[in-house]
Amino acid sequence: MKEDIEKILIQEVEIKEKTEEIGKQMTQEYKDSFPLVIGVLKGAMPFMADLTRAIDAHLEIDFMDVSSYGNKMVSSGEVKIVKDLDSSVKGRDIIIVEDIIDSGLTLNYLVSLFHHRQANSVKIVTLLDKPEGRKADVVPDIAGFTVPDEFVVGYGLDYAERYRNLPYIGILKPEIYRGS
Ligand SMILES: O=P(O)(O)OC[C@H]1O[C@H](OP(=O)(O)OP(=O)(O)O)[C@H](O)[C@@H]1O
Ligand code: HPA
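In the working numbering, each residue's number is its place in the sequence shown (first place is 1) plus 3.
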């Protein structure tokens, strides 16, 4: 698997340090509000697991799985709910945890949905932000790293469902996409 990686963009230790830093910040911000922390499956799974353990405050955890209709590159922005939340967001302070914001279409949909469901507040925390990919106007409240406009994998992020279990963020060798 590792031989498929052209370049490591963010090392495991950098992810760990950044996650600790974000966790400390969120401990201060949320120590009195019992937020509902929502991980967006599947990509956010490792970050969600590490980040929530870096927050020293009471919180509730839930997960949502969404997928975009059709090819993402030409996506209409329409999103399908594959797995909905177990909890109600009404009146709650919501923190959405993502691995990456690229086009912003997934988060644009989720933020609107949670406002429609009458959340008290909706904040976005993402490990990676790829601002050059944006098609919808989404700005994270907390972003760990800004990445260039390239397809990245690892630490939850996949290519064809592979590489999610890499402990770092990297860029694939071009021949992997070309299938040779
Ligand atoms: O800003 P966007 O362009 O909407 O892209 C970001 C979304 O894309 C990825 O999920 P994906 O739909 O690939 O599902 P996955 O998490 O199961 O891999 C990622 O985990 C984000 O949820
Ligand atoms: O760069 C990416 N890598 C993996 N999944 C993604 N989903 C949106 N952008 C990306």
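Note that CB positions come from ideal geometry on N, CA and C, so glycine has one too.
Tell me whether the beta-carbon of Val100 lies closer than 8 Å to the beta-carbon of Phe50.
Cβ atoms of Val100 and Phe50: closer than 8 Å.
Comparing the CB of Ala52 with every heavy atom of ligand 1, is any distance shorter than 7 Å?
No, the Cβ of Ala52 stays beyond 7 Å of every heavy atom of ligand 1.
How about Ile145: is its Cβ closer than 7 Å to a heavy atom in ligand 1?
Flag unset: Cβ of Ile145 not near ligand 1.
Roughly how many angstroms separate the alpha carbons of Glu63 and Val40, rounded to a whole number?
Cα to Cα, Glu63 sits roughly 6 Å from Val40.
Please report how far the alpha carbon of Asp152 lies from the alpha carbon of Ala60, in whole angstroms.
Rounded to whole angstroms, Asp152 to Ala60 spans 35 Å at the Cα level.
Flag this pair as yes or no: are the beta carbons of Asp102 and Gly173 separated by less than 8 Å?
Not closer than 8 Å, so no.
Comparing C-alpha positions only, which one of Met4, Ile11, Ile25 sits nearest to Leu130?
The candidate whose alpha carbon is nearest that of Leu130 is Ile25.
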